[in-house]
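Using our numbering, read the sequence shown as starting at 4 and increasing by one per residue. C-beta atoms are modelled at their ideal positions from N, C-alpha and C, and glycine is treated no differently. Since this is a predicted model, take the numbers as computed values, not measurements. Everything on this sheet refers to the single structure shown next.
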Amino acid sequence: MFVAIDQNRPLSDQGPFDIVLHKLTGKEWRQILEDYWEKHPEVTVLDPPGAIQHLNNRQSMLQDVADLNLSDCYGRVGVPKQLVITKDPSSITHAVDRAGLTFPIVAKPLVVDGSAKSHELSLAFDQYSLSMLEPPLVLQEFVNHGGVLFKVYIVGEAIKVVRRFSLPDVDESQVLNNAGVFRFPRVSCAAASADDADLDPAVAELPPRPLLERLAKELRWRLGLRLFNIDIIRKHGIRDQYYVIDINYFPGYGKMPGYEQIFTDFLLSLMKSKYKRRSSNS
Ligand SMILES: O=P(O)(O)O[C@H]1[C@H](O)[C@@H](OP(=O)(O)O)[C@H](OP(=O)(O)O)[C@@H](OP(=O)(O)O)[C@H]1O
Ligand SMILES: Nc1ncnc2c1ncn2[C@@H]1O[C@H](COP(=O)(O)OP(=O)(O)O)[C@@H](O)[C@H]1O
Ligand SMILES: [Mg+2]
Ligand SMILES: [Mg+2]
Numbered sequence: 004m005f006v007a008i009d010q011n012r013p014l015s016d017q018g019p020f021d022i023v024l025h026k027l028t029g030k031e032w033r034q035i036l037e038d039y040w041e042k043h044p045e046v047t048v049l050d051p052p053g054a055i056q057h058l059n060n061r062q063s064m065l066q067d068v069a070d071l072n073l074s075d076c077y078g079r080v081g082v083p084k085q086l087v088i089t090k091d092p093s094s095i096t097h098a099v100d101r102a103g104l105t106f107p108i109v110a111k112p113l114v115v116d117g118s119a120k121s122h123e124l125s126l127a128f129d130q131y132s133l134s135m136l137e138p139p140l141v142l143q144e145f146v147n148h149g150g151v152l153f154k155v156y157i158v159g160e161a162i163k164v165v166r167r168f169s170l171p172d173v174d175e176s177q178v179l180n181n182a183g184v185f186r187f188p189r190v191s192c193a194a195a196s197a198d199d200a201d202l203d204p205a206v207a208e209l210p211p212r213p214l215l216e217r218l219a220k221e222l223r224w225r226l227g228l229r230l231f232n233i234d235i236i237r238k239h240g241i242r243d244q245y246y247v248i249d250i251n252y253f254p255g256y257g258k259m260p261g262y263e264q265i266f267t268d269f270l271l272s273l274m275k276s277k278y279k280r281r282s283s284n285s
């Protein structure tokens with residue numbers, strides 16, 4: 004049975020729970036959940052607030068992917084060259100120069116808090132426009148990827164990949180002939196599924212399954228999360244070079260094909276392993 008939690012009442016009065024499923028952040032909620040968990044360690048919290056917090060900052064979000072530096076016979080997975088700017092827009096040009104970032108550059112708000120503003124994206128074509136950006140930001144090299152991205156949904160052990168339209172490639176002449184900052188509202192919300200589109204096969208080909216399985220397994224473990232998705236792009240023209248550009252906690256699973264079965268199986272498997280553990284301990 005599912006019971007909606009009332010945030011204004013003590014959690015202990017609303018249980019007992021087998022699983023607490025949530026997508027809330029904030030200090031207060033974190034404290035409530037951690038206090039409850041301390042008193043009821045048998046409850047499964049999906050997912051622990053400390054682990055979720057790691058994804059609320061676009062720098063720490065990709066740190067594990069960078070540390071992992073995954074490379075095997077199926078491909079390489081990295082993070083686009085990036086830089087964090089916390090203050091002073093006038094220092095951005097110098098910082099970009101020093102870090103050797105090439106244009107165009109994608110600017111993303113450093114903190115992701117679920118607001119529309121935290122998903123606003125800017126594309127800067129030249130160094131003069133950099134001072135128009137508003138820190139705190141993550142600046143990333145724009146990677147041409149054929150205008151298609153792969154959304155890799157993870158639900159416990161299950162993985163499902165879909166194609167989505169993304170920002171189109173930018174060629175050198177566009178970089179030379181464009182100036183200023185181009186602002187985009189939430190790109191992925193506007194992006195349609197590209198699963199049935201008539202695409203260049205080299206662009207449409209899904210990342211190899213074994214590579215995604217390794218990546219998902221490692222990130223599940225390193226992030227300590229079971230419910231998330233990963234935005235992956237493949238460098239246009241380089242078949243085995245992949246970049247992770249975004250990781251989202253508890254994304255809209257409604258857009259994942261077959262989510263009803265996958266989600267139900269996941270919850271049941273958690274319960275099964277819990278009862279198995281209990282009966283072997285007694
Ligand atoms: O970051 P928060 O605000 O918690 O919101 C999430 C993520 O942003 C998701 O990905 P992204 O960051 O890539 O936009 C988005 O999924 P999609 O990109 O699959 O749409 C979800 O959309 P909904 O399905 O609308 O909930 C949304 O709930
Ligand atoms: N480094 C990049 N190179 C190319 N395109 C990018 C890059 N970063 C983001 N994008 C594009 O911008 C979109 C939004 O960026 P993303 O990091 O996923 O933020 P959000 O959390 O708002 O979805 C992506 O879905 C992709 O289309
Ligand atoms: Mg995204
Ligand atoms: Mg995101």
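Where do the N-terminal and C-terminal ends of the alpha helix (DSSP H) with V158 fall, by residue?
Careful: V158 lies outside any alpha helix (DSSP H), inside the beta strand (DSSP E) at V151 to V158.
Given 8 Å as the limit, tell me if H57 has its C-beta closer than that to any heavy atom belonging to ligand 4.
Checking every heavy atom of ligand 4 against the Cβ of H57, none is found closer than 8 Å.
Quick check: the segment 189 to 208 against the segment 151 to 162, are there 3 or more CB pairs under 8 Å?
Because the criterion of three Cβ pairs below 8 Å is met, the segment 189 to 208 and the segment 151 to 162 touch.
Give me whichever residues DSSP pairs with N251 in a beta bridge.
N232, per the DSSP bridge assignment.
To the nearest angstrom, how far is it from the Cα of S94 to the Cα of P254?
Near 35 Å, if we compare the C-alpha coordinates of P254 and S94.
Any heavy atom of ligand 2 within a distance shorter than 8 Å of the CB on L215?
Checking the Cβ of L215 against ligand 2 gives no.
Please report the Cβ distance between V109 and Q143, rounded to the nearest whole angstrom; I am assuming they are in contact, meaning their Cβ atoms lie under 8 Å.
Indeed they touch by this definition, with Cβ atoms about 5 Å apart.
Would you identify the three-state DSSP class for F20, choosing helix, strand or coil?
Coil at F20, not helix or strand.
Can you tell me whether DSSP reads T267 as helix, strand or coil?
Residue state, collapsed to three classes: helix.
Flag H122 as yes when its Cβ comes closer than 8 Å to any non-hydrogen atom of ligand 4, and as no otherwise.
The answer is yes for H122.
When the Cβ atoms of the segment 47 to 59 are set against those of the segment 215 to 230, are three or more pairs found closer than 8 Å?
Yes, the segment 47 to 59 touches the segment 215 to 230.
Using the rule of at least 16 other Cβ atoms within 10 Å of the residue's Cβ for burial, across every protein chain shown, is L2 buried or exposed?
A question about residue 2 goes unanswered here, because the residues of the chain that appear run from 4 up to 285.
Is L136 near S125, with beta carbons less than 9 Å apart?
For L136 and S125, yes; Cβs fall inside 9 Å.
Nearest by alpha-carbon distance to G257: which of D199, A200 and Y156 is it?
Answer by Cα proximity: Y156.
I want to check one thing, is the minimum distance from the CB of I248 to the heavy atoms of ligand 3 below 8 Å?
Flag set: Cβ of I248 near ligand 3.
Checking 9 Å against the spacing of the C-beta atoms, do Q62 and Q85 come in under that value?
The answer is yes: Cβ separation under 9 Å.
Classify S282: buried if its beta carbon has 16 or more other beta carbons within 10 angstroms, exposed otherwise.
Per the 10 Å Cβ criterion, exposed.
Using the Cβ count rule (16 or more neighbours within 10 Å means buried), how would you classify G53?
With fewer than 16 other Cβ atoms within 10 Å, it is exposed.
If you draw a straight line from the C-alpha of F269 to the C-alpha of L214, how long is it?
So the two alpha carbons sit approximately 22 Å from each other.
Does M259 pass the burial test, meaning 16 or more other C-beta atoms within 10 Å, or should it be called exposed?
By the neighbour-count rule (16 or more Cβ atoms within 10 Å), M259 is buried.
According to DSSP, is S285 helix, strand or coil?
Three-state DSSP puts S285 in coil, outside helix and strand.
Flag this pair as yes or no: are the beta carbons of R79 and Q244 separated by less than 9 Å?
Yes, Cβ-Cβ distance for R79 and Q244 is below 9 Å.
Per DSSP, G1 forms a beta bridge with which residues?
Only positions 4 to 285 of the chain appear in this structure, which leaves residue 1 out of reach.
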